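Q:
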Amino acid sequence: MYQYLLQCRSSSFYIHTPTRPLIQLNCASLLFAPHNISHVELIEQMERVDLFKELNLWNKPLITYPAGYVDEQPWSLLPSDNFYSISSIRLEDQQTDALVPLPPEYQSAMNKRQK
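Residue numbers for the sequence shown follow this note's numbering, so the first one is 359 and each next one is one higher.
1. Could you name the residues that DSSP lists as bridge partners for residue 420?
2. From which residue to which residue does the beta strand (DSSP E) around residue 425 run?
3. So which of 402, 391, 385 and 399 has the shortest CA-CA distance to residue 441?
4. Could you check the C-alpha separation between residue 381 and residue 473 for me, to the nearest Å?
5. When we look at the beta-carbon of residue 369 and count the other beta-carbons within 10 Å, is it buried (16 or more) or exposed?
6. Using three-state DSSP, classify residue 372 as helix, strand or coil.
7. Given a cut-off of 8 Å on the beta-carbon distance, is the pair residue 404 and residue 443 in contact?
8. Can you confirm whether the segment 428–442 touches the segment 407–414 when touching is taken to mean that 3 or more C-beta pairs between the two stretches lie within less than 8 Å?
9. Cα separation between residue 401 and residue 422?
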């Protein structure tokens, strides 16, 4: 299963993926950040579709352009200072501990805001 982007502009993606996201033609201003929501059934859902919390290539997109095609860098990582957690609307679905740990720089930014 590959995730790919084609003709996509000015978008943010919060993802958890075991494969490198593929960026194809005509993409620009894409931001990538780690998936950051936890809920009570997350682990079961991840296991059902063979996602493992240890393998997450969200921050390693692969650009696949035709030979000779030149374009500016279409993606960047969301700056950690702009990273906020997403919470579930339903209180009973909220999980207090992140089941998939955030990368250290994003966790640090979250900790600074919570003080």
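Glycine residues also receive a C-beta, built at the ideal position from the N, C-alpha and C atoms.
Everything numeric in this text was worked out from a predicted model, so none of it was measured.
A: Answer, in terms of the structure:
1. DSSP lists 380 as partners of residue 420.
2. No beta strand (DSSP E) contains residue 425, which DSSP labels as neither H nor E.
3. 391
4. 37 Å
5. exposed
6. strand
7. No, these two residues do not count as a Cβ contact at 8 Å.
8. With a cut-off of 8 Å, the segment 428–442 and the segment 407–414 do not count as touching, because too few Cβ pairs lie within range.
9. 32 Å
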